[in-house]
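Numbering (my numbering), first residue to last: 52 to 1062.
Virtual Cβ for every residue (Gly too), placed ideally from N, Cα, C.
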Ligand SMILES: [Zn+2]
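The following block contains the structure:
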């Protein structure tokens, strides 16, 4: 022992004092996480205890300088020996005791103090004698690893700092850390505030650091950019933010939303300045553990690096899909939906509130708006505080009034965007086909304007104006797959008809019979197949429907096979040719009179037996007696058709009769001499309007089953054919005389509404059931159809002039939409309000008022209208201002103090939607914050835009920034003159990249996408 050390000890307190002080520190000091304790060699410590207990300064037990040499493996590395045991090899002293000992005795030269931290390990608190030892290296140089020790309680951030220092990383660089275990799997150390222990870092592992590239990418990520070539990467220095986003397959909705947000200056600056790094919230259960915010930051940094023409947001899309499975696939989605999700996801990922407290919302209870609003905003900030709240959140007042007790409930609720309704047009444009009675007239396609809430009768009235056919003589049907999907009653709502439905409106004849004596016959065309359909049980044939079905009204008394056959022939005359005399279709005229009489029916024969006998041939003419009365009367159901069970009445319900009562005009079509009487006999309300028919057609209505006149016969194209309709009550003998016995072109079959033959009906040969909508089919043999049915002609139709008129877009002002947003509405039944007074759910009236507005106001135009009955996209043009949108008139709070910002806004971005409900394409107009120039972003393409292009009926989501927050562009606007506008496209065209295009395949196409 040297004199020096004795000397230093001499300045120490007395030995008894030393003993007391150290012992009390050891006794009283508790382990507290994070505090330092020191490792001291036990033999030196025992020596010291003996020394102070003797109480003799000059005793030989003087311990000398603190010496931990025995604890080290060697005196070069000062590595602690493995498996040292506390109280055998060393003792632990708290920091205060250590510093006292050190000041009294000093330490052997060059030995490091063995400072160790108290760590809060699961279920135990202990001094960490052995810290973990890890290897540190850079991503760019993994060979050069540095070994460093860290406590389990150290933060990852401390490791990052140590690495930046060790590897001389320039300050301000953005870094990412990865940990690599021995099995060489790599995991991101995302939360730099996490401890080594929580990150599961352990001795022997490697921490790798990478720094962000200048183009916004990370060295470790697969390239997210379209690289033309190495040169592009190095040379391209475009305007930051003017950067396309590659379509990954139906992702234009995402690209559009991203471009809007990217061009929201406060948000983008927040990310570009790395403010987000410190605010990432890894623990928020409502968030995405910071992953959405980081993925978003990566996209923004690349877009604003100025080094890419276009960025591939694949990682971002995957993250979004991971957290919101509805966006996982490649279906088309709504850009506003994504925007809403994204704003919420970014908010929770960046929420500065780490532990959300529960706050009970108080009703206003008559307090002043100002007080309640301030309280609501304060409460909102206590749970929600982020860049998203700073930028996008406003407050509106919601007032609910109970319809029963008139309880008024006022709340103030934050909003992230305003969803404003569009004034819904009360009118609707429908496209329908009108089928005239004139058999030679092609169906005419009309475009009619009808009240959206109208009835089928309104459609007929509108069509009547164009066709001059009275609505009472129309019947409306939905045709699908050659059959009637539905035949509408006049009173039915038009909302049952969708725009995509094929609607046919058939003109009906004016008959002399009373409505209940008429039958509305649905006529289908079928072709027989050559094989027998054994599956159906009976001896029926396979048949398939073709062509256009028809609806025609006939007197009930004229439903004989013969009458119908002739009626149909005439009605189909435009495309069904009658055999000329040279064509041998005549049947041998045997004495089958008997048989004919036997099989005489009053209606359509079920033909069962006949077909069994003569399966292949066309059905034979079976003259049937026109007088249907006896058999029909035997059918109990026929006398009074039941409205309830009928799909349709014998004649359709023609709605409001007053509308059609045109009593003075009882004239019917010329040439139908017989009709004048019949019209007189009809109910005046159902009479036709004369002038209408007059100019319509010179042809007589084909299905008039009255006695044929000379004119009619003359006009009949086929002179040799039978008279169109034999009189119903004519004597059979007389009729027989005027007919040529011949084979028919087709047979007539009663069918069900699907156009399939129903078996087991038609007892006694009568198949037309008058108790329900009768459906009949005319069945063609394939060879007959080939010869006499002109398919080409049958499919023809013409377009009415109304189809040529371009559809007018409704134009509304944005201010009108905002007014609608604040209009009193009554809650819908699906979404009632629980009235605390009535103690039950009530359909309260609700009024929204704007209270305070954010810096960036997002206005969502509710173009997609979904109601119980209709789903439509409203394509009105909403005229929105590009500058000076003044909200002061809409704000409830009128007393703006002078220091409050004015409520005037300028447009900064627009998300556009083109197309219909189920398909479409999204693009964006946005203004670059740096140069003030407007651009049009269409997936990977970016072009210059001018202000006059921005307001269209595609505008879907609008972004406005409050004027006091708008910064002047720091760069001059680019030269967008006519010469340079083509320059733009070459700018962007060059982002076409063979390599990436091949990789993305068809997904990179930017045409209209469908689901
Ligand atoms: Zn109530």
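Ranked by how close their Cα comes to the Cα of residue 90, the residues 140, 112, 222 have 140 in first place.
Rounded to whole angstroms, the Cβ separation of residue 596 and residue 396 is 52 Å, and the two are not in contact under 8 Å.
Scanning its chain for C-beta atoms nearer than 6 Å, with the 5 sequence neighbours on each side dropped, one finds around residue 499 the residues 481, 513, 514, in chain order. Judged by DSSP secondary structure, residue 83 falls outside any alpha helix (DSSP H); it is assigned neither H nor E.
Taking 4 residues as the minimum length, the alpha helix (DSSP H) runs contained wholly in the stretch 305-374 are 316-323, 326-330, 342-354, 365-374, in order along the chain. Contact between residue 95 and residue 118 holds: their C-beta atoms lie close to 5 Å from each other, under 8 Å.
At the C-beta level, residue 415 and residue 461 come within 8 Å of one another.
Considering only 170, 552, 565, 572, the residue with the shortest C-alpha distance to residue 558 is 572. Between residue 621 and residue 561, the C-beta spacing is not below 8 Å. Counting C-beta pairs with one atom in each stretch, the stretch 1006-1014 and the stretch 958-972 have three or more that are closer than 8 Å, which means they touch. Contact check for residue 895 against residue 454 passes: the beta carbons are separated by less than 8 Å.
Bounds of the beta strand (DSSP E) holding residue 176 are 175-178. In terms of CA proximity to residue 240, 257 leads the group 224, 233, 257.
Beta-carbon to beta-carbon, residue 308 and residue 170 are separated by about 45 Å, too far to satisfy the 8 Å threshold.
Measuring C-alpha to C-alpha distances from residue 446 to each of 999, 522, 899, 362 identifies 899 as the nearest. Between ligand 1 and the CB of residue 888, the shortest heavy atom gap is smaller than 7 Å. Just measuring C-alpha positions, the residue of 1025, 1021, 1016 sitting nearest residue 984 is 1025. Looking at the DSSP output, residue 200 bridges to 184. Boundaries cannot be given for residue 125, as no alpha helix (DSSP H) includes it and DSSP labels it neither H nor E. Between the alpha carbons of residue 479 and residue 922 lies a distance of about 13 Å. In this structure the stretch 539-556 does not touch the stretch 461-478; the number of beta carbon pairs closer than 8 Å is below three.
With respect to the C-alpha of residue 372, the residue from 356, 393, 615 having the closest C-alpha is 393. Take residue 99, set aside five residues on each side of it, and the residues of its chain with a beta-carbon closer than 6 Å to its own are 114, in chain order. Secondary structure note for residue 616: its alpha helix (DSSP H) is the uninterrupted segment 612-622. In this structure residue 623 is buried. Its beta-carbon is surrounded by 16 or more other beta-carbon atoms within 10 angstroms. For residue 232, the closest of 252, 219, 246, 213 by C-alpha to C-alpha distance is 252. Less than 8 Å separates the beta-carbon of residue 829 from that of residue 576. In the structure shown, residue 928 falls within a strand segment according to DSSP collapsed to helix, strand and coil.
Rounded to the nearest whole angstrom, the C-alpha separation of residue 188 and residue 376 is 37 Å.
Nearest Cα to residue 193 within the set 235, 201, 152, 223: 235.
Collapsing the DSSP output to three states places residue 455 in coil. About 16 Å separates the beta carbons of residue 248 and residue 199, which is beyond the 8 Å limit, so they are not a contact pair. A straight-line Cα-Cα distance of about 10 Å links residue 1008 and residue 914.
For residue 795, the number of other beta carbons within 10 angstroms of its own is at least 16, and it is reported as buried.
Between the alpha carbons of residue 876 and residue 890 lies a gap of roughly 21 Å. Around the beta carbon of residue 64, a 10 Å sphere encloses fewer than 16 other beta carbons of the protein chains shown; the residue is thus reported as exposed.
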